[in-house]
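Colleague: Quick one: the structure is below, and I'll ask about it shortly.
Protein chains in written order, with my numbering: chain X, 1482 to 1949; chain Y, 1482 to 1949; chain F, 1482 to 1949.
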């Protein structure tokens, strides 16, 4: 490392700031304008105290959602091999950072457009996170400040991207992955998000009072991440040695199940903010029901997945129980606010069962998802989105129809978008590391580092020798 | 894994849902009824804003208590051997899940009965978590919603069970453990809990205005876990090689002290919710005193245990310092709301001292507790329960008498209950893995997995060869 | 371990309690007096509800700052060698414990003196944490209770000390380190803190309405920790083998980058409490702007540091990206409440760039800081403190002058204090372990334990053979 290089590095990083600065003169608001929301809320009959406690809960919930990024990083690195740990940690660090920055630059504006370009489908309020022209718009609730809203939504946005990271682990090139994921989080996720949470066409399928239901994002967040992951995994192909020519599925066990368990517990904790904060007020009856349903669905998912895995494999399978927790959580997310504790448990049990079935099924299709992300977030995301058409006060054929339309339309858009980006990246930069690097591990190849340099490791060559 | 097995597995998991569904038709309340508590609170003179902030704090505190389960899982796996890590993680995952589910099914109803069957001793409001007949009952405060109350208490309930897991680690069979622990968390814990927090006989020992003091559960939660652990450990016996025939105590060091430290810090963090949330309002003076006392007692426990261990062993013993934190936390739990910072420090110091003495003492009695759970939660739980009879405004001989009655009665009930269950399980299913499995590790025996498959491990055979 | 030793140990730990008890009779306040703050706030026109929610946020923020101690412990042990892990964990456990206790005993009283001995420079309200004579003083806001204030500030105080721990890792003696750090956290930190947050001379440099700006402590907390670390590192010297005679810098890689990443994410999470809580109310507009700015600066720091490191080294350097997060966080801390999202991003980018440059630069100066603490907290702390003189509504030459005065005066005081203490400790007890212990690892030398006894480790002898 010489001084010339440092100077070059400094020079080359300049465009980043200049681009940001040039793109968003509107960001030059001062802090005072954010106080307008409070004044406005008081005018609308919400007391200053209630406004404060509502905002406080949404902000704390946003901090809890942030911790989910640590949960994902821990789970994904725990469930993969030690030789790829630095790579996974680096990806997750960059995803949350780039996710927050791009959401500030364009995502938030796309997702809560206020004014539509193509009615109900695509809108835009401008670069950066200024207050929209004219101050508070109808596109977001006067019950919280602009920055409360941004903070909470920005933490959400990055979770969709993080889901992809696990599915493509252990064989994707770092740079192309980041180039693939940025348009997903910055463009695709907020556009489909605007269809429902931005007041778009899905939210008014049945007129002003009825439409698609997706309380906290079983589809808008979780299945979006899973569809993007599915596209990427199909373009990438499975890891070397995972599927033998004779049809055998070779397990490639994760290197640290304590780390994976830490990850799932942190995700569960963060989910209380993810679902609870999505009430968008601190209303005690609503939030406490959501937290209770979230806890019960997760617990039911763990037990159901653990039992099913035991009946199938005769082993108490920790990773399946952990995926059952996630399956239950994803499944309850679309309707945690309108289920009873009993229906929450049923939804969680089914989530736990289908995550196991889906993981086994995807392996038969030779779709290689090292952490089970497509099953937990995709399969259970679809199930959770259908659930309010089946259980609870909203259940009914019409509602179920709206739910199917929501699932299919968002799946179609996201899959198409992700396939196009993935194929474009593959054609230009390449998407996959070469065989030697995959066998040696991405930590050395992409990072020239080991996550555990003080400990000798075992390389299980047999996976590769069988296939190669 | 073939398709037949999957179908079988699905079929076999059906009874779980059917049982749940059949047992609790009363769960079919809708969300709207939970709003009644808010309306009721406003009628009683609590403003809607204060009701909201009170509930918010109890719910956030519940989320923090949830994180204690991750703390326990990390601490317990860190303090045991790498060959048993999957087993411990699986147990902790199942305990929190089964704990929440069974508390919903029967525990909550037993603990806050509203109507007594045997006055002050045993009551029951029915299966599931419906609102009790007649809506809000006097058995719980109208200051929070029914689901806020359930959420917070359910997180508490499972902690008692988690305490047991560490003490019996490294030699208990998985299935029998789960069968042992379910009645503890579902029946024994809520019954003794009802004696005090459900308005039972201990809470009115001295008439309406006086009785047993146990603010957040030094006895009701922590020592209950420890007594159940003690019974199980006595029935199980020590790990192979722990105690040599000549009286030597062979240390069996934990495999990851970073993981153990993470666990204790997460427990300390969660304890702010455990104690702070037990105020059951967000009253600033009360909660801030509780948090201050909790922080000071934990810090004092760490320093006292660290110093004492240094004087005894001439080493700066990390595990003793960590146990000192827990000892201080358990000790302040019974009276964090009525001590001054000064008396909180003294209570914490004594907690830190006796946890060290207790760990050493139990080893002399050949009671093998791999993580020191019986000492931290039991010995310090007793000390903490006696403390409000000795320190603070409540101190006095009469109060101390009430405290002794509470400690002894709950210990007697829990020990009797746990011994009966443990002996019954032992007689029918067996309680302990065989020697070969214990030596090889429970991860392979019970789970056919390793927590760290990429890393070679050292098996310290000498523990076993000495004994066998 | 025999009974005599236990008795001796118990006897020797007695002075600790007696000293605490004797020093602070004033602690014998009862809980009721803390309710005075609430009554006073209501008198001043803050509603009881607003008082409650304000306190609640500060208390929750204090809990989040507590988690930063786990973040530091994880980061520091992850970035150092496996043979020194127990030592680092023990130090961090003791620092937070001693930090809280000494802050209760003297720090809080020094930092918020109410009455000055030397006007604006040094004051004192007495031992312990009683309410000051006359109840609530003007030195702290009537908007929160005395114990809320203490709890939040005590968690802050210990972070300054924790910063030092990482910089001196892998070669400092345990006892002397603790003796060095106690006066820093108990005396030096609160004195310089009182200059600004206690209403001292820095806060009124420009008269009643203007002065030094340091919102949440880029200088008062972070750079104070870094200056103390710098003094200690200079007195200690570099680790054996770090700098070869020919000028080569030998990297000594950390043993667990997953642990380090967990640490940084927990620090980021805790920082939301650190900065957000420093608003000292739950005002929604103010807190949400602070959280947004904090998130954006951290994200920008990660991307900037990652890019710069890539341009310089052609590797995707995880540890640099992690340090970029910290650099961005430290930099925004001084003015998170008065920047716009755009200026927060710029401040974060510059923080991410200079943390990389500073780490490389310090290595050229042969100042060996194993975790980059001096760069992240010191260099970026200075940058962050200058920032409100350059960006935002406060920017201007006069303000920049105040900022320089603040940076220089606190650096001078802290460096002088720390050098004197470090040299005194070195002269009397010795500061550094001997060579054999450094090579073998401090875990065996100071603790007779290994953090990972089940796993064989690799000792990279080449570092040492080159130098010795």
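Just so you know, even glycine gets a beta-carbon here, dropped at the ideal spot from N, CA and C.
In three-state terms, what does DSSP make of residue 1597 of chain F?
Modeller: Residue 1597 of chain F: strand per DSSP, three-state reduction.
Colleague: Using a 10 Å radius around the Cβ and a threshold of 16 neighbouring Cβ atoms, would you call residue 1760 of chain Y buried or exposed?
Modeller: buried
Colleague: List the residues of chain Y whose Cβ lies closer than 7 Å to the Cβ of residue 1472 of chain X, in chain order.
Modeller: Any answer about residue 1472 of chain X is impossible in this case: the structure gives chain X only from 1482 up to 1949.
Colleague: Can you give the Cα-Cα distance for residue 1789 of chain F and residue 1589 of chain X, rounded to whole angstroms?
Modeller: 27 Å
Colleague: For residue 1931 of chain X, which residues in the same chain have their Cβ closer than 6 Å to its Cβ, ignoring the five residues on either side in sequence?
Modeller: Take residue 1931 of chain X, set aside five residues on each side of it, and the residues of its chain with a beta-carbon closer than 6 Å to its own are 1924, in chain order.
Colleague: For residue 1810 of chain Y, which residues from the same chain have a beta carbon less than 6 Å from its beta carbon, with the 5 sequence-adjacent residues on both sides left out?
Modeller: 1752 and 1779
Colleague: Tell me the DSSP secondary structure of residue 1751 of chain Y in three-state form.
Modeller: helix
Colleague: To which residues of the same chain is residue 1740 of chain F closer than 7 Å at the C-beta, ignoring the five residues directly before and after it?
Modeller: 1555, 1558 and 1559
Colleague: Which same chain residues, not among the five before or five after residue 1562 of chain Y, have their C-beta less than 6 Å away from its C-beta?
Modeller: 1736
Colleague: For residue 1844 of chain X, count neighbouring Cβ atoms within 10 angstroms of its own Cβ and tell me buried if that reaches 16, exposed if not.
Modeller: Buried: at least 16 other Cβ atoms inside 10 Å.
Colleague: For residue 1877 of chain F and residue 1868 of chain F, what's the separation of their Cα atoms in angstroms?
Modeller: Using only the alpha carbons, I get a separation of about 10 Å.
Colleague: Apply the 10 Å Cβ neighbour rule to residue 1587 of chain X and answer buried if 16 or more other Cβ atoms are within range, or exposed otherwise.
Modeller: buried
Colleague: Just how far apart, CA to CA, sit residue 1947 of chain F and residue 1920 of chain F?
Modeller: Only weak support is given to the placement of residue 1947 of chain F: the predicted model assigns it a pLDDT of 39, under 50, and the question is left unresolved by the model.
Colleague: Restricting to runs no shorter than 4 residues, where is the alpha helix (DSSP H) found entirely within the segment 1566 to 1596 of chain Y?
Modeller: 1566 to 1583 and 1589 to 1592
Colleague: Which residues, taken in chain order from the segment 1591 to 1608 of chain Y, show a beta carbon closer than 9 Å to some beta carbon of chain X?
Modeller: none
Colleague: Compare the C-beta of residue 1796 of chain Y against all C-beta atoms of chain F and say whether one is closer than 7 Å.
Modeller: It does: the Cβ of residue 1796 of chain Y has a partner Cβ on chain F nearer than 7 Å.
Colleague: Got a sec: which bits of the segment 1921 to 1943 of chain Y sit with their beta carbon under 7 Å from any beta carbon on chain X, in order along the chain?
Modeller: 1927, 1928, 1929, 1930, 1932, 1933, 1934, 1935, 1936 and 1937
Colleague: Residue 1902 of chain Y: buried (16+ other C-beta within 10 angstroms of its C-beta) or exposed?
Modeller: buried
Colleague: Under a three-way DSSP split, which group does residue 1904 of chain Y fall into?
Modeller: helix
Colleague: I'd like to know if residue 1570 of chain X contacts chain F, where contact means its C-beta is closer than 7 Å to some C-beta of that chain.
Modeller: yes
Colleague: Between X:1674, X:1653 and X:1707, which has its C-alpha nearest residue 1696 of chain X's C-alpha?
Modeller: X:1674
Colleague: With H, G and I counted as helix, E and B as strand and the rest as coil, what does DSSP make of residue 1930 of chain Y?
Modeller: coil
Colleague: Give the interface partners of residue 1632 of chain Y over in chain X, defined as CB-CB distance under 7 Å, in chain order.
Modeller: Correct list: 1769, 1772, 1773 and 1776.
Colleague: Comparing the C-beta of residue 1851 of chain Y with each C-beta of chain F, is any distance below 7 Å?
Modeller: no
Colleague: Throw me the rounded Cβ distance for the residue 1722 of chain Y and residue 1731 of chain Y pair, which I believe falls under 8 Å.
Modeller: 6 Å
Colleague: Report yes or no: is there a C-beta of chain F within less than 7 Å of the C-beta of residue 1540 of chain X?
Modeller: yes
Colleague: Do you know how far the Cα of residue 1565 of chain F is from the Cα of residue 1757 of chain Y?
Modeller: 35 Å
Colleague: Please state whether DSSP places residue 1833 of chain X in a helix, a strand or coil.
Modeller: helix
Colleague: State whether the segment 1628 to 1638 of chain Y contacts the segment 1537 to 1551 of chain Y, with contact taken as three or more CB pairs (one from each stretch) at a distance under 8 Å.
Modeller: Because the criterion of three Cβ pairs below 8 Å is met, the segment 1628 to 1638 of chain Y and the segment 1537 to 1551 of chain Y touch.
Colleague: Check the Cβ-Cβ distances between residue 1536 of chain F and every residue of chain Y, and say whether any is below 7 Å.
Modeller: yes
Colleague: Check residue 1603 of chain X in the structure and name its three-state DSSP category.
Modeller: Of the three classes helix, strand and coil, the one that applies to residue 1603 of chain X here is strand, per DSSP.
Colleague: Roughly how many angstroms separate the alpha carbons of residue 1904 of chain X and residue 1662 of chain X, rounded to a whole number?
Modeller: Between residue 1904 of chain X and residue 1662 of chain X, the C-alpha separation is close to 13 Å.
Colleague: Just how far apart, CA to CA, sit residue 1952 of chain X and residue 1782 of chain F?
Modeller: Nothing about residue 1952 of chain X can be read from this structure; chain X reaches only from 1482 to 1949.
Colleague: Closest to residue 1665 of chain X by C-alpha separation, out of X:1625, X:1540, X:1883 and X:1891, would be which residue?
Modeller: X:1891
Colleague: Which partner residues does residue 1653 of chain X have in the DSSP bridge list?
Modeller: Note: residue 1653 of chain X sits in a beta bridge opposite X:1913.
Colleague: Is DSSP giving residue 1730 of chain F helix, strand or coil here?
Modeller: strand
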